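Remarks on the structure that follows.
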Amino acid sequence: MAYSEKLADRIRERLADLPNIEEKKMMGGLTFMYNGKMCVGIIKDELMCRIDPDFHEQAVEKTGCRTMDFTKRPMKGYVLVDDSGMKTKKDFEYWIRLALDFNKKAKSSKK
Numbered sequence: 009m010a011y012s013e014k015l016a017d018r019i020r021e022r023l024a025d026l027p028n029i030e031e032k033k034m035m036g037g038l039t040f041m042y043n044g045k046m047c048v049g050i051i052k053d054e055l056m057c058r059i060d061p062d063f064h065e066q067a068v069e070k071t072g073c074r075t076m077d078f079t080k081r082p083m084k085g086y087v088l089v090d091d092s093g094m095k096t097k098k099d100f101e102y103w104i105r106l107a108l109d110f111n112k113k114a115k116s117s118k119k
């Protein structure tokens with residue numbers, strides 16, 4: 009399963025000034041780890057964001073956003089945003105900022 013290189017470059021550019029960013033291929037896409045924790049990624053041509061689960065219901069009401077349901081299991085705190093939800097720089101920044109803000113509170117995955 010391929011992922012959007014254009015979106016990957018857009019994310020790389022946005023995260024370039026941050027320390028401790030690591031790219032990992034996973035789930036058939038690309039994930040950007042920040043401080044050892046999953047933060048944002050790409051599945052096909054959609055932006056995946058790990059956000060505060062308490063904000064999840066509000067997030068999925070936004071244009072182009074839906075609950076991530078990888079393997080047909082809805083995952084609260086993980087959303088997918090299609091192109092209509094991140095067309096503008098402002099919209100894209102909104103989603104990246106949401107994920108970066110939650111990253112401070114997020115727990116690291118078990119290794």
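Here the sequence shown is numbered in my numbering, starting from 9 and rising by one per residue.
Glycine is no exception: its CB is placed at the ideal position from the N, C-alpha and C atoms.
Computed from a predicted model, the values in this text were never measured in an experiment.
Just verifying my parser: in three-state terms, what is the DSSP assignment at R20? Residue mapping note: residue 20 aligns to position 12 of the sequence shown, counting from 1. Correct three-state label for R20: helix.
Where does the unbroken alpha helix (DSSP H) through E101 begin, and where does it stop? Counting from 1 along the sequence shown, the entry for residue 101 is found at position 93. E101 -> alpha helix (DSSP H) spans K97 to N111.
What whole-angstrom Cβ distance do Y86 and R58 have, given they're in contact under 8 angstroms? The sequence position of residue 86 within the sequence shown is 78, counting from 1. The sequence position of residue 58 within the sequence shown is 50, counting from 1. Indeed they touch by this definition, with Cβ atoms about 6 angstroms apart.
Hey, quick one: how far does the alpha helix (DSSP H) through E65 stretch, first residue to last? Residue mapping note: residue 65 aligns to position 57 of the sequence shown, counting from 1. That run of the alpha helix (DSSP H) goes H64 to A67.
Threshold first: 3 residues or longer. Then list the beta strand (DSSP E) segments lying entirely within the segment 38-77, N to C. 45-51, 54-58 and 73-75
Out of curiosity, what's the CA-to-CA distance linking C61 and R74? Looking up residue 61 in the sequence shown gives position 53. Looking up residue 74 in the sequence shown gives position 66. Note that residue 61 is Pro in the sequence shown, not Cys. Between P61 and R74, the C-alpha separation is close to 13 angstroms.
Can you tell me whether DSSP reads L88 as helix, strand or coil? For the purposes of this step, residue 88 is taken as residue 80 along the sequence shown, with counting starting at 1. The answer is strand: DSSP assigns L88 an E or B state.
Among residues of its own chain, excluding the 5 on either side of N111, which ones have a beta-carbon nearer than 8 angstroms to its beta-carbon? Mapped onto the sequence shown, residue 111 falls at position 103. Cβ neighbours of N111 beyond the five flanking positions: Y42, N43, K45, C47 and R58.
Using alpha carbons as the reference points, say which of S92, K113, K97 and L108 lies closest to L26. Reading the sequence shown from its first residue, position 18 is the one you call residue 26. It is L108.
Would you mind sorting M56 into buried or exposed? The rule is 16 or more other CB atoms within 10 Å of its CB. In the sequence shown, the residue the question calls residue 56 occupies position 48. Its Cβ being crowded by 16 or more others within 10 Å, M56 is buried.
Per-residue DSSP class, three states only, for K115: For the purposes of this step, residue 115 is taken as the residue at position 107 of the sequence shown. K115 falls in the coil class under three-state DSSP.
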